[in-house]
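Accompanying notes for the structure given below.
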Amino acid sequence: MKRTLFLAIVACIVAVGALTANASAQATRTWVSGVGDDANPCSRTAPCKTFAGAISKTAPGGEIDALDPGGFGALTITKSITLDGGGGQVASVLVAGTNGIVIAAGASDVVSIKNMRLDGLLGGGNGNAGLNGIRVISGGRVNLEHDDIFGFSQAGVDIEPGALTTVNVIDTVSHSNGVGMYVLGNGSLPRVSIDHSSFLNNGIGNATLGNGLTVNGNARVNVTNSILSQNQDGILSEGAGATVFLDATQVVNNTLNGLHATTSGAIDVAGSTIADNQGMGVLASGGAIGTFGTNILVRNAGGNGSFSGSDGTPQFRVHPILRPPF
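The opening position of the sequence shown corresponds to residue -2 in our numbering, with each subsequent residue numbered one higher.
Structure (structure tokens):
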């Protein structure tokens, strides 16, 4: 009897030890390096080689940091995590024929991708270019900060969640892709905020998707302090529920239209410049483009077009430094 009890206690101790070991195998911060090895524990002194090698050793809510320049490979993210490429170096993902980073996280998960360079290798006529730079399938909140995304045959950023997802894009450049950003509602009403970002020279090798920003279906996108230039349409909003709000943004020098709303899509504009586009400045063909005033609409080769009306009473803007001190 005593021997049986002793063996049971030993078995429990071994089991608890195994669980503790498994738990401790995941660190809250791990590291990758261009000269790392995925057999390492991904510590600062023994970093991993790829993001895929590091993520299994990183606890949910943890962070993977790049120690030095390198190409750290494609990745699928299924939990809360932060990827940080660091400052003053090139932490990159280079992919051919596939997606760069796929986010398929849980409904309450938060995923942040910062200081990253994603190259789809489309330049030079590559017939096996990457598909999407960052593809958002699911997640509670996704933050993209200080990223450079280019060379993807489909989209620099592709947002097609099956449930409500919030995406924040800050100080990010998406250029030389099939489309700069593609947002599809699918009935899930994704909410996207874009600030201080650029969508440039998109439409490479993809005449169907080649816009700076395409919003399709039941989705809401806010764009502030940004620029969309040298795309096909600067912004295309199409389908019932597709809503774009534009503030303090330049939509200039695009090869087709500046703003295009079709099939019940909507765009509202305030304090923005729509100029020097080769098609129409403002084209509502089955959709609506409204104004809150104080916009510049000029020198569009196909005609400036006109806004469908004012959607709000304020028709002026007050600069912060001119506000009364009370």
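We put the CB at the ideal spot given by N, CA and C, even for glycine.
All values reported here derive from a predicted model rather than from experimental measurement.
CB contact flag (residue i, residue j, <8 Å)
i	j	result
K54	P38	yes
R114	E60	no
Q227	N250	yes
V176	T221	no
F196	S171	yes
T246	I224	yes
G276	L253	yes
A63	V29	yes
V241	A272	no
P158	I191	no
L119	S150	yes
G214	G200	no
L91	K111	no
G136	D116	no
A49	A93	no
P66	Q86	yes
Residue burial classification, residue i (beta-carbon count within 10 angstroms, cutoff 16)
i	result
I293	exposed
V154	buried
S303	exposed
L141	buried
V248	buried
T331	Since the displayed the chain opens at -2 and closes at 323, residue 331 lies outside it and no answer follows.
T95	exposed
V32	exposed
A298	exposed
V99	buried
R41	exposed
G124	exposed
S269	buried
A267	buried
D106	buried
A102	buried
S194	buried
S282	exposed
A152	buried
D34	exposed
Helix, strand or coil at residue i [DSSP, three-state]
i	result
I52	helix
T79	strand
K111	strand
F69	coil
H193	coil
H172	strand
C45	strand
E157	coil
F304	coil
G124	coil
R296	coil
G130	strand
N183	coil
F149	coil
I318	Summary for I318: the model assigns pLDDT 39, below 50, so the residue's position carries little reliability; its value from the coordinates is reported in the next sentence. Residue state, collapsed to three classes: helix.
Any C-beta of chain C under 8 Å from that of residue i
i	result
L243	Absent here is chain C; the protein component of the structure consists of one chain.
Original post:
Hey, which unbroken runs of the beta strand (DSSP E) at 3 residues or more fall wholly within the region 252 to 291?
Top reply: 256 to 259, 263 to 267, 270 to 272, 279 to 282, 285 to 288
**OP:** Evaluate contact between the region 182 to 200 and the region 156 to 169, counting only Cβ atoms and requiring at least three cross-stretch pairs below 8 Å.
**Re:** Here the region 182 to 200 lies against the region 156 to 169, with 3 or more beta-carbon pairs under 8 Å apart.
Subject >> alpha helix (DSSP H) segments (min. 4 residues) lying fully within the region 198 to 239 >> reply: none
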